[in-house]
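Since the structure comes first, as structure tokens, the remarks are kept for the end.
Protein chains: 2
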Amino acid sequence: MTAKNILFIMFDQLRWDYLSCYGAQHIETPNIDRLAQKGVRFTRAYVQAPLCGPSRMCTYTGRYVHSHGASWNGTPMKVGEQTMGDHLRRAGMGCWLVGKTHMAADAEGMARLGLDPDSIIGARVAECGFDVFERDDGMRAVGPDGPLTEPGGHGYDAYLQARGYDTENPWHDHANASVDAQGNVLSGWFMKHAGEAANIEEADSETPYLTRRGIDFINSRDDAPWLCHLSYIKPHWPYIVPAPYHDIYGPHDAPPPNRAQSEFDNAHPVLKALMRNSVGKAFARDDVRSAVIPAYMGLIKQCDDQMGVLFEWLEQTGRMEDTMIVVTSDHGDFLGDHWMGEKTFFHDAAVKVPLIIYDPSAAADGTRGTVCDELVQAIDLAPTFVEVAGGDVADHVLEGQSLLPLLYGETAWDRDRVICEYDYASTPLADALGLSVREAVMFMVADKRWKLIHCEGGLRPILFDLKNDPDELVDLAEVPDHHDVIAQMYDKLHAWTRRIAQRTTRTEAQLVALRTTLRRRGVVLGIYDENDTDLELTVAYRDRKAQVRKQPS
Amino acid sequence: MTAKNILFIMFDQLRWDYLSCYGAQHIETPNIDRLAQKGVRFTRAYVQAPLCGPSRMCTYTGRYVHSHGASWNGTPMKVGEQTMGDHLRRAGMGCWLVGKTHMAADAEGMARLGLDPDSIIGARVAECGFDVFERDDGMRAVGPDGPLTEPGGHGYDAYLQARGYDTENPWHDHANASVDAQGNVLSGWFMKHAGEAANIEEADSETPYLTRRGIDFINSRDDAPWLCHLSYIKPHWPYIVPAPYHDIYGPHDAPPPNRAQSEFDNAHPVLKALMRNSVGKAFARDDVRSAVIPAYMGLIKQCDDQMGVLFEWLEQTGRMEDTMIVVTSDHGDFLGDHWMGEKTFFHDAAVKVPLIIYDPSAAADGTRGTVCDELVQAIDLAPTFVEVAGGDVADHVLEGQSLLPLLYGETAWDRDRVICEYDYASTPLADALGLSVREAVMFMVADKRWKLIHCEGGLRPILFDLKNDPDELVDLAEVPDHHDVIAQMYDKLHAWTRRIAQRTTRTEAQLVALRTTLRRRGVVLGIYDENDTDLELTVAYRDRKAQVRKQPS
């Protein structure tokens, strides 16, 4: 008996090593830890892109960026790509959204196919396969060229306004800013304010709001099985958190940066450019880290407390007994490690994520509280969910593998590499390096021992030894004697780039069946004389009569 | 002034070296030669798959098999893929079909998106972007499991029946069979009958029929620009042709097979399996070649004569002055070369095709009657046609390059490799080799000097030296001293497999523009103090007032 429902919780920009169950000494996350005690905690879970939008599009389609093409924030997911929702609904499970997806609809493609965005099908296509209970991408940015027009609902804005936060941008002015005694807004965009309390009642801030909306969703369900993607927008920046979380941690609680001077001095051109951009320069500063990291930790603490609220409610309502619960993140945050901020590169701080799966079924009893060190990917979640829903995994479409065998304690797991991709064609980094939109692309391939990063544009690769240098401080690509390792990792990368990823209209079973079909439908090649072959095959072409019409010359 | 219309003529299974303009000594094709004298003849034109369906899907989408996934005959083209028709209609040119496409609609995908196949959009999606004047895939095969259900119209069947060919399968019994004096049908499926005359009046056979339908189409047009894909189904098997073409050529006219005993003795496992299957074994026989090749040549001669009819009509009607004319094929035919029949491998007999382009515009005057030895691909046609139609080539979707610079005599052409792919997952060959559907895939990469074939499934590669062994008789992959060449060709292959092919929802110009957009929409990262940056960028976050609501703990 597998779980009936799935609660698929995603945080945004949550580092794996900021959870105490993952060994963090500087923060306690007892509620998430408690889930880990009831489920399996994965120590080598990798996202497929180090950035919100593409990482999520991989998770939601179960396919690599190289396969679906939505490779940057706001790049529309092309119409026709199948999603977790398509697969789950076929298996009889609803697929609902509460929170963030970062999905951009392919309006041009939808128009080309005549898909009405207001139809049920059109709305699902526009929302990456989800039925929307509430969408909230958590961003109300405004610049000199106007607001960032990102999709997403405005339920949270309306909520804040109804609660009396009466500016035209309460998301910014209250949820993501502090205030001084004179009523001046201290914007969370400016990191010097990170230590201040956000000017909002804690219960009105984004994380508790989304918890309540998740509970509202579950409460609204009848008996039909559902997946709820409860998708928090924190601890993503702006780095600011309401009281009491703003002063739980101080600068002394921030772990020291994981960086070495030699990394900076010998940096690969891409890394050098990331270290030298405004984010990299900021996170090299002690004052920035001292302001930001305590706020980031406060945001995580708030997230963990909300997990406590949620899990307690699930226990009280019985949902803990019939619901698989997944906790993960879309990527991490460098926070000054490796002289970088943000996440758009491939060190573990950015691309290795927490992944905890609690499965209430008896089959998972043997693995409760255990740790799984296998290589797993975010794209493994979609096939896992399809299996939970009782469907057949469409492995001609989905590129991950169900994790159920790992949850059930089965030992065979033949994954020998993980892949992550970063397309920076639409970023200033491409300009800094003078690269065209086809050159500004990188691929990471990693196994348990090595991590290779290939950069297009004629740039050299980067290599880390994850065993002897788990902090990833030494780029070995230019150190002698690694030629064979580099070649071996390139072999893994290229076995992947050559993979058949677009043959999505024929199942493997159909393809195998076709091996014997064609001849039995009369396509009989290589036959000189009808007696050369099995007579049955050619029965339709033998012993026929026709009027003589030919005109010999 | 470019051409107004495009007549895109494709033959099926026509070898380049069976045209006299390509140097054939054993056959005269004066009408096609005449077009070559008026246009440019390409000597290194490669299709992207050695099989009808996938080769055509590449041509019609302007994308590789690895990109669109319709990798075998009958594998549906997934909904959402853009086609030549989408691109041309955006540029104001209609895109019409007269003849064969081998398109299979993605009925499941269309249903998933709610696309009605009877709507205009649905019909175009189902027909690979064409508006159908007449579809005729030229196949009425029937076996013990029933008829091969291939899409396509039945206009030709109806025509034959109206003309009094009164069997239930006149395509087989008349157009593709002979008859003896007793009225017994001598099926064209059995190659011993290839030398007989088809039991049909020549004017009623498939090639003249399609010529007339093409003329009917052009006659039906008003003043709006059109592309007409006049897509013949010959000289594809069944190898049988009506009088007088059945006895123009005899066994003595067939060129000797291009093969060596050493090829057979030392064959790569894939080649060995192809040589040993029923088709390979048949075409190793002299009696088979002696029967088939004269009929194949007769079919080509008929095609060439029909080109004479068509070109004369175009001249008389003035269409020769405003219409680009392209003559090509979807692949070749081994005909016993290399101990194989059919086409499903990568020797030039199968994957190099004739390509002649006549452009009436003055810009092309300088290249009339010339030969172009550059590496070109079938997927270059779609962008060529878009340029002729006056559109912007969507190079984030289309993977070829417009050939207009070559037609206009411009010298720069930076293509340094061509690609061809064969997915045999659904064929008996995969069973013969014991391969899974993911392993039964091969890639060819060739430049002007070398041709490398990579086989998945752990099989070794194959290498030909096209300069010193233009007949491709010696596989050098296991000959010492070719390690560097193999590595260099693998580098070319992998540069291609890594290419970004699915980022089809953002143009290159959009991506470049985005490099500076995000910050100006208020996503201002890495700012500690508002005075650290250009004040304009953060104007929306400064000097704001809010009610004090925070609750310090």
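Order-wise, the sequence lines are chains A and B. Going by my numbering, the first residue of the first sequence is number 1, and it counts up by one from there. Going by my numbering, the first residue of the second sequence is number 1001, and it counts up by one from there. From the three backbone atoms N, C-alpha and C, an ideal C-beta is built for every residue, glycine too. The model shown is predicted, which means the values in this text are computed figures rather than measured ones.
Cutoff 8 Å: A/H483 Cβ touching any chain B Cβ:
In the first sequence, counting from the first residue as 1, residue 483 of chain A sits at position 483. With 8 Å as the cut-off, A/H483 does not count as an interface residue toward chain B.
Given 7 Å as the limit, tell me if A/K545 has its C-beta closer than that to any heavy atom belonging to the ligand PLP.
Absent from the structure shown: the ligand PLP. Ligands present: none.
Secondary structure of B/P1405, DSSP reduced to three states
On the second sequence, position 405 is the one that residue 1405 of chain B refers to. In the structure shown, B/P1405 sits in a helix (DSSP, three-state: H, G or I).
By alpha-carbon positions, which one of B/V1132, B/A1363 and B/L1518 ends up nearest to A/L429?
Here residue 429 of chain A corresponds to residue number 429 of the first sequence, with the count starting at 1. Among B/V1132, B/A1363 and B/L1518, the Cα nearest to that of A/L429 belongs to B/L1518.
Could you give the residue range of the beta strand (DSSP E) that holds A/M57?
Here residue 57 of chain A refers to the residue found at position 57 when the first sequence is read from its first residue. First-last for A/M57: C52 to T61, but that is the alpha helix (DSSP H), not the beta strand (DSSP E).
As an exercise, report each continuous beta strand (DSSP E) stretch of at least 3 residues that is fully enclosed by the segment 1094 to 1162 of chain B, in chain order.
Runs of the beta strand (DSSP E) inside the segment 1094 to 1162 of chain B: 1094 to 1099 and 1131 to 1135.
Check the Cβ-Cβ distances between B/H1252 and every residue of chain A, and say whether any is below 8 Å.
Here residue 1252 of chain B is taken as the residue at index 252 of the second sequence, counted from 1. For B/H1252, no CB of chain A lies under 8 Å from its own CB, so it is not counted at the interface with that chain.
Residue of B/Y1018, B/K1038 and B/M1275 minimising C-alpha distance to B/R1368
The count along the second sequence starts at 1 and reaches residue 1368 of chain B at position 368. By alpha-carbon distance to B/R1368, the top candidate from B/Y1018, B/K1038 and B/M1275 is B/K1038.
Drop a sphere of 10 angstroms on the beta-carbon of A/G434, count the other beta-carbons inside from all chains shown, and report buried for 16 or more, exposed for fewer.
As a working note, residue 434 of chain A is residue 434 in the first sequence. Classification for A/G434: exposed.
Which word fits B/S1119, buried or exposed, when buried means at least 16 other C-beta atoms lie within 10 angstroms of its C-beta?
Residue numbering aside, residue 1119 of chain B sits at position 119 when the second sequence is read from its first letter. Exposed is the call here.
Please classify A/Y296: does DSSP put it in a helix, a strand, or coil?
Locating residue 296 of chain A in the first sequence gives position 296, counting from the first residue. The answer is helix: DSSP assigns A/Y296 an H, G or I state.
Report the CB separation of A/N73 from A/L51 in whole angstroms; it is logged as a contact under 8 Å.
Your numbering for residue 73 of chain A matches position 73 in the first sequence. Your numbering for residue 51 of chain A matches position 51 in the first sequence. Contact between A/N73 and A/L51 holds, with the beta-carbon distance rounding to 6 Å and staying under 8 Å.
Quick one: is B/S1553 near chain A, going by C-beta distance under 8 Å?
Start at 1 with the first residue of the second sequence, and residue 1553 of chain B comes out as number 553. With a pLDDT of only 46 at B/S1553, under 50, the local geometry of the prediction cannot be trusted, and the value read off the model is given with reservation. Yes, B/S1553 lies at the interface with chain A (some Cβ there is under 8 Å from its Cβ).
Is the Cβ-Cβ distance between B/N1169 and B/R1212 less than 8 Å?
As a working mapping, residue 1169 of chain B is identified with position 169 in the second sequence. As a working mapping, residue 1212 of chain B is identified with position 212 in the second sequence. 8 Å or more divides the Cβ of B/N1169 from the Cβ of B/R1212.
Can you list, in chain order, the residues of its chain with a C-beta nearer than 7 Å to that of B/E1028? Leave out the 5 residues immediately preceding and following it.
Sequence index remark: in the second sequence, residue 1028 of chain B carries index 28 (1-based). Cβ within range, chain order: S1020.
So which of A/V376, A/I357, A/D304 and A/A362 has the shortest CA-CA distance to A/T370?
Position 370 of the first sequence, counting from 1, holds the residue named residue 370 of chain A. The shortest Cα separation from A/T370 among A/V376, A/I357, A/D304 and A/A362 belongs to A/I357.
DSSP state of A/S231 mapped onto helix, strand, coil
Counted from its first residue, the first sequence places residue 231 of chain A at position 231. In this structure, DSSP gives A/S231 an extended state, which the three-state scheme calls strand.
For A/Q377, which three-state DSSP category applies?
In the first sequence, residue 377 of chain A corresponds to position 377, counting from 1. Correct three-state label for A/Q377: strand.
At a Cβ threshold of 8 Å, is A/T323 touching chain B?
Here residue 323 of chain A refers to the residue found at position 323 when the first sequence is read from its first residue. Not an interface residue.
Just to make sure I have the definition right: I need the residues of chain B whose C-beta is within less than 9 Å of the C-beta of A/S67. Which are they?
Locating residue 67 of chain A in the first sequence gives position 67, where the first residue counts as 1. Here the neighbours are Q1502.
Please report the distance separating the alpha-carbon of A/K272 from that of A/E456.
Numbered from 1 along the first sequence, position 272 holds the residue referred to as residue 272 of chain A. Numbered from 1 along the first sequence, position 456 holds the residue referred to as residue 456 of chain A. The C-alpha of A/E456 is placed about 16 Å away from the C-alpha of A/K272.
Kindly say whether A/W189, judged by its beta-carbon, lies nearer than 8 Å to any beta-carbon of chain B.
Residue mapping note: residue 189 of chain A aligns to position 189 of the first sequence, counting from 1. Cβ-Cβ to chain B under 8 Å: yes for A/W189.
Can you give me the Cβ contacts of A/V397 inside the same chain, cut-off strictly under 7 Å, excluding the 5 residues immediately before and after it?
In the first sequence, counting from the first residue as 1, residue 397 of chain A sits at position 397. For A/V397, where only same-chain residues beyond five positions count, the Cβ hits under 7 Å are Q82 and T504.
With distances taken from CA atoms, which of A/R417, A/L466 and A/V512 is nearest B/A1440?
Here the question's residue 1440 of chain B lines up with position 440 in the second sequence. Considering only alpha carbons, the answer is A/V512.
For the segment 435 to 455 of chain A, list every residue whose C-beta sits within 9 Å of some C-beta in chain B, in sequence order.
Considering only beta carbons, the part of the segment 435 to 455 of chain A lying closer than 9 Å to chain B consists of S436, V437, R438, A440, V441, F443 and H454, in chain order.
Three-pair Cβ contact test at 8 Å for the segment 1168 to 1186 of chain B versus the segment 1262 to 1282 of chain B:
Taking 8 Å as the limit for Cβ pairs, the verdict is that the segment 1262 to 1282 of chain B does not touch the segment 1168 to 1186 of chain B.
Using 8 Å as the threshold, is the segment 117 to 131 of chain A in touch with the segment 243 to 260 of chain A, meaning 3 or more CB pairs across them?
Two segments are said to touch when three or more pairs of C-beta atoms, one from each, lie closer than 8 Å; by this definition the segment 117 to 131 of chain A does not touch the segment 243 to 260 of chain A.
My guess is that A/V47 and A/A378 are in contact by the Cβ rule of under 8 Å, so how many angstroms apart are they, rounded?
Translated into the one-based positions of the first sequence, residue 47 of chain A becomes position 47. Translated into the one-based positions of the first sequence, residue 378 of chain A becomes position 378. A Cβ-Cβ separation of about 5 Å places A/V47 in contact with A/A378 under the 8 Å criterion.
In or out: A/G250 buried (at least 16 other Cβ within 10 Å) or exposed?
Stepping through the first sequence from its first residue, residue 250 of chain A is reached at position 250. The C-beta of A/G250 has fewer than 16 other C-beta atoms within 10 Å across all chains shown, which makes the residue exposed.
Only counting the same chain, and skipping five residues up and downstream in sequence, which positions put a Cβ closer than 6 Å to that of A/S231?
To locate residue 231 of chain A, count along the first sequence from 1; it is residue 231. In its chain, beyond the 5 residues on either side, M10, G99 and K100 have a beta carbon closer than 6 Å to the beta carbon of A/S231.
Which runs of the alpha helix (DSSP H), 4 residues or longer, sit entirely within the segment 296 to 382 of chain A?
Within the segment 296 to 382 of chain A, the alpha helix (DSSP H) runs of at least 4 residues that lie entirely inside it are, in chain order, 319 to 322 and 348 to 351.
Count the other CB atoms within 10 Å of the CB of A/G85; is the residue buried (16 or more) or exposed (fewer)?
Here residue 85 of chain A refers to the residue found at position 85 when the first sequence is read from its first residue. That one is buried.
Could you give the distance in angstroms between the alpha-carbon of B/S1553 and the alpha-carbon of B/A1501?
For the purposes of this step, residue 1553 of chain B is taken as residue 553 along the second sequence, with counting starting at 1. For the purposes of this step, residue 1501 of chain B is taken as residue 501 along the second sequence, with counting starting at 1. At B/S1553, the pLDDT of 46 sits below 50, so the modelled position is not reliable; the number obtained from the coordinates is stated separately. Approximately 53 Å between the Cα atoms of the pair.
To the nearest angstrom, how far is it from the Cα of B/E1536 to the Cα of B/Y1528?
As a first step, residue 1536 of chain B is located in the second sequence; it is residue number 536 there, counting from the start. As a first step, residue 1528 of chain B is located in the second sequence; it is residue number 528 there, counting from the start. A direct Cα-Cα distance of roughly 16 Å separates B/E1536 from B/Y1528.
Hey, quick one: how far does the alpha helix (DSSP H) through B/L1489 stretch, first residue to last?
Residue numbering aside, residue 1489 of chain B sits at position 489 when the second sequence is read from its first letter. For the record, residue 1489 of chain B in the displayed sequence is Met; it is not Leu. From DSSP, the alpha helix (DSSP H) with B/M1489 extends over H1483 to T1497.
Tell me whether B/A1242 sits in a helix, a strand or coil according to DSSP, three-state version.
As a working mapping, residue 1242 of chain B is identified with position 242 in the second sequence. The sequence given here has Pro at residue 1242 of chain B, not Ala. Secondary structure at B/P1242: strand, using DSSP grouped into helix, strand and coil.
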